[in-house]
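J.: First residue of the sequence shown? That's 55 in the working numbering, and the numbers climb one at a time after it. Beta carbons: idealized from backbone N, C-alpha and C, even for Gly. Only a predicted model underlies this, so the values are computations on that prediction, with no experimental measurement involved.
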Amino acid sequence: MSLPLFPLNTVLFPGCNLDLQIFEARYLDMIGRCMKLGGGFGVVCILEGEEVGIAPEGYARVGCEALITDFHQQDNGLLGIRVKGGRRFHVVRTEVQRDQLIVAEVEWLKDEPEQPLQDEDADLVALLKALAEHPMVEALSMGTEAAGQQSLANQLAYLLPFAEVDKIDLLQLDDPQQRLDAIQALLDELQGELFA
55 MSLPLFPLNT VLFPGCNLDL QIFEARYLDM IGRCMKLGGG FGVVCILEGE EVGIAPEGYA
115 RVGCEALITD FHQQDNGLLG IRVKGGRRFH VVRTEVQRDQ LIVAEVEWLK DEPEQPLQDE
175 DADLVALLKA LAEHPMVEAL SMGTEAAGQQ SLANQLAYLL PFAEVDKIDL LQLDDPQQRL
235 DAIQALLDEL QGELFA
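(1) With a Cβ-Cβ cutoff of 8 Å, do alanine 158 and leucine 59 count as a contact?
(2) Leucine 72 bridges to which residues according to DSSP?
(3) Are there 16 or more other CB atoms within 10 angstroms of the CB of serine 205, so buried, or fewer, so exposed?
(4) Is it a yes or a no for the segment 170-179 touching the segment 65-75, going by three-plus beta-carbon pairs under 8 Å?
(5) Would you identify the three-state DSSP class for valine 150, choosing helix, strand or coil?
(6) Beta-carbon separation of glutamate 218 and cysteine 99 under 8 Å?
(7) Who are the Cβ neighbours of glycine 45 in its own chain at under 7 Å, not counting the five residues just before and after it?
(8) Given a cut-off of 8 Å on the beta-carbon distance, is the pair arginine 147 and glutamate 119 in contact?
(9) With DSSP run on the structure shown, which of helix, strand or coil describes alanine 114?
So this is what it looks like as structure tokens:
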């Protein structure tokens, strides 16, 4: 499967919303094609390089499909879009086009079926509800409810202030319970640093 990539300094997760401002010609063309064909593009996290200008040298080999859900012209005249995270993918190979757009051959990663929330997930569910009250999170209109462990893990991994490399590791985990355990471990680490 061929997918145009949009390398960013962020990690997108399935079911999560991301607002983007589009101004570079390569991405305006890409968005136009996606909207015409009804397809999406891939978001990968930059590890080395910049979001603007020439294609970055290093980026994560795992990413998330971005599906356009809304668009509008911003006050500054630029195109604003909102995307929702779709399927996770692994980058097999890439090609940088003349306009510096990266097109990748990707393999879709299999997601485990949604599992019901467990009693031991209660603290993480409460954390998601608390996060949802933050104005920046509220503006993303993702809701406060998690449909199950997969949804809870994706939303927390996306919203919590973990390092990008940690978020990439979380995105690679197929099992929602493993992802929730890893999130809890990262939270314990953060808490340890706060009280050290």
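T.: From the atom records:
(1) yes
(2) Val137
(3) buried
(4) no
(5) strand
(6) yes
(7) Any question about residue 45 goes unanswered here, given that the chain covers just 55 to 250.
(8) no
(9) coil
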